[in-house]
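I have placed the structure first, in the form of structure tokens, so that the comments after it can refer back to it.
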Ligand SMILES: Nc1ncnc2c1ncn2[C@@H]1O[C@H](COP(=O)(O)OP(=O)(O)O)[C@@H](O)[C@H]1O
Ligand SMILES: [Mg+2]
């Protein structure tokens, strides 16, 4: 492999991981933008999305492609249960309370998964694991499909948010809840809708990333914190910022692992956070300079 | 049309309204005046369902609406043009107007185009700038958009909270003329103002609010000639 090939290979691997981060972080930042809650359990929703897929394939003999939408629906239902039991009560509370409570939820979900599936890493059998080679660069179909899926989802979301009435309701609520209420928007419904959409995005990352990594109960922890980092780097509540942040973090990690040391991979993410926040305290895509 | 009885609203332990009685009949224009911090906005927000009263009742066309959420209140035809406009600044002018029509989302949409054309006729600047973000408008234009957004909700009772705030005298006159015309066309209006003289001249009746309590009520003209009002609010 030439130096350039290695570089491109690392870049593409970073893009793949980054696209997974994008799904998880976009859900997280949307929820923050509307509910003003940082959901520390978002990583566990991702983990459960992966385990649901694993279980549907192994226990019910479903195909990978049938299991994905069902896993996402299960993630959505889980989101609904979380909203009705916990999240609803956190709206308007201070950030320390919301962080602590959602952190408790994340611990609960992780231990529940541990109880059900144990801690042995599992593998999601995907039919897309065959590799393709282009000009000395190797990628599995899984990685290619994942990146395309994320691109399509983002395009659809952009369309929904900018053009549909549901999107206008979401934007209205994120800008001014008082005004949204007095023009007739049921703000509580928008809270619920946004939260379950955020959970669905997180859950979808599970079956997409699962076959690339492995599936285990604590897999959501590191990625949950990274999504949190991305959301801050991108600017709280800023969806384009979360997308940019996801790509940047994925690529920075991959290049760092390739050129410095694999052990440095996670450290690099936090380094990126600190640097970005030093230069742009309001986030990557903020217009205001320091 | 609207009968408010013994209404009290608190912010935590802080009293903002105490035992307010207030009535407005079909087709009336009623002004509510009072100093800064008297509780005028609190009163409108309580009617709108944004704030929950600790006691008292609000009846609208003989139906109890106390404690209903804002999106239900607006569906009944009570609409607020809030203090400080409260527009969706990052959304276009057209989107703001569209959201004004939001409460009709489940009903026939035929009225939308008709109402929109009316708004553009009333405030031509809104049509000119319809695809610009609302925050790019000047203060006066924003007030017009706020009024138009309110009218897009097809109000039966329209409540204005300090529509003259921050506007030049010329613009204030435009806004007040608009309010008068709307009332002449049959719309029932509650006008909250710190600018008491202007508000009372326009109104059929007026109420004076002081530290959360109604201290006076009479016809607009009688209040303009009232010694107490002259001293406290008209600076005479
Ligand atoms: N969000 C709030 N929290 C606590 N106190 C408030 C709040 N809003 C208003 N108040 C208080 O309630 C009183 C009435 O306020 P307001 O209704 O805004 O008066 P006005 O509209 O007549 O100027 C004031 O003393 C004000 O300080
Ligand atoms: Mg006020």
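Residue numbers (my numbering), protein chains in the order written: chain P, 1 to 290; chain S, 1001 to 1236. Note that the Cβ used here is the ideal one computed from N, Cα and C, for glycine as well.
Closest by C-alpha distance to residue i, when choosing among the options
i	options	result
residue 144 of chain P	P/183, P/14 and P/116	P/14
residue 124 of chain P	P/11, P/138, P/12 and P/205	P/205
residue 274 of chain P	P/234, P/238 and P/247	P/234
residue 241 of chain P	P/7, P/8 and P/23	P/23
residue 1007 of chain S	S/1150, S/1181, S/1040 and S/1131	S/1040
residue 1159 of chain S	S/1092, S/1013 and S/1024	S/1024
residue 1033 of chain S	S/1156, S/1210, S/1184 and S/1228	S/1210
residue 100 of chain P	P/61, P/58 and P/41	P/41
residue 82 of chain P	P/257, P/271 and P/195	P/195
residue 244 of chain P	P/265, P/256 and P/286	P/286
residue 122 of chain P	P/210, P/232 and P/26	P/210
residue 12 of chain P	P/109, P/25 and P/137	P/137
residue 1004 of chain S	S/1140, S/1129, S/1064 and S/1183	S/1064
residue 1042 of chain S	S/1230, S/1184, S/1204 and S/1162	S/1162
residue 250 of chain P	P/112, P/98, P/25 and P/3	P/25
residue 1164 of chain S	S/1216, S/1081 and S/1099	S/1081
residue 1129 of chain S	S/1096, S/1104 and S/1048	S/1096
residue 36 of chain P	P/119, P/88, P/104 and P/46	P/88
residue 268 of chain P	P/106, P/229 and P/65	P/229
residue 1183 of chain S	S/1167, S/1227, S/1206 and S/1030	S/1030
residue 85 of chain P	P/213, P/192 and P/130	P/192
residue 45 of chain P	P/69, P/198, P/155 and P/168	P/198
Span of the beta strand (DSSP E) around residue i
i	result
residue 1206 of chain S	1205–1210
residue 1021 of chain S	1014–1024
residue 1030 of chain S	1029–1033
residue 1057 of chain S	1055–1060
residue 64 of chain P	Counting along the chain, residue 64 of chain P falls outside any beta strand (DSSP E), though it belongs to the alpha helix (DSSP H) covering 64–82.
residue 1160 of chain S	1157–1161
residue 1191 of chain S	1188–1193
residue 1134 of chain S	First-last for residue 1134 of chain S: undefined, no H or E at that position.
residue 1216 of chain S	1213–1219
residue 1008 of chain S	1002–1011
residue 1080 of chain S	1078–1081
Limits of the alpha helix (DSSP H) - the one that residue i falls within
i	result
residue 1075 of chain S	1070–1075
residue 8 of chain P	3–35
residue 169 of chain P	165–175
residue 1177 of chain S	1169–1184
residue 275 of chain P	265–279
residue 222 of chain P	219–234
residue 116 of chain P	95–117
Buried/exposed call for residue i, threshold 16 Cβ in 10 Å
i	result
residue 1088 of chain S	buried
residue 165 of chain P	exposed
residue 1235 of chain S	exposed
residue 132 of chain P	exposed
residue 127 of chain P	exposed
residue 17 of chain P	buried
residue 1225 of chain S	exposed
residue 289 of chain P	Note that residue 289 of chain P scores a pLDDT of 39, beneath 50, so its modelled location is shaky; the value from the coordinates is reported in the next line. With fewer than 16 Cβ atoms within 10 Å of its Cβ, residue 289 of chain P is classed as exposed.
residue 20 of chain P	buried
residue 270 of chain P	exposed
residue 1142 of chain S	buried
residue 60 of chain P	exposed
residue 1233 of chain S	buried
residue 989 of chain S	Nothing in the structure corresponds to residue 989 of chain S, since chain S is present only between 1001 and 1236.
residue 120 of chain P	exposed
Expected contact under 8 Å - CB spacing of residue i and residue j to nearest Å
i	j	result
residue 1191 of chain S	residue 1199 of chain S	5 Å
residue 1220 of chain S	residue 1201 of chain S	7 Å
residue 33 of chain P	residue 174 of chain P	5 Å
residue 1176 of chain S	residue 1151 of chain S	Contact doesn't hold; Cβ gap of about 16 Å is too wide.
residue 10 of chain P	residue 261 of chain P	Wrong, their Cβ atoms sit about 13 Å apart, outside the cutoff.
residue 28 of chain P	residue 203 of chain P	No, residue 28 of chain P and residue 203 of chain P are not in contact; Cβ-Cβ is about 13 Å, not under 8 Å.
residue 1060 of chain S	residue 1116 of chain S	Incorrect: roughly 27 Å between the Cβ atoms, too far for contact.
residue 1156 of chain S	residue 1027 of chain S	11 Å between Cβ atoms; not a contact.
residue 1092 of chain S	residue 1051 of chain S	About 30 Å; that fails the 8 Å criterion.
residue 149 of chain P	residue 208 of chain P	6 Å
Counting pairs of Cβ atoms below 8 Å between the segment 1013–1029 of chain S and the segment 275–282 of chain P, do you hit three or more?
-> no
Stretch-stretch touch, CB-based, cutoff 8 Å, three pairs: the segment 221–237 of chain P with the segment 75–83 of chain P | no
Check whether the segment 180–188 of chain P touches the segment 1065–1083 of chain S, counting contact only when three or more Cβ pairs, one atom from each stretch, lie closer than 8 Å.
-> yes
The segment 1132–1148 of chain S contacting the segment 1084–1098 of chain S, beta-carbon criterion three pairs below 8 Å | yes
When the Cβ atoms of the segment 1116–1135 of chain S are set against those of the segment 1050–1062 of chain S, are three or more pairs found closer than 8 Å?
-> no
Should the segment 211–218 of chain P be regarded as contacting the segment 36–55 of chain P, the criterion being three or more beta carbon pairs within less than 8 Å?
-> yes
Can you give me, in chain order, the residues of the segment 1039–1058 of chain S that have a beta carbon less than 7 Å from any beta carbon in chain A?
-> Looking at the structure shown, chain A is missing, and the protein chains on hand are P and S.
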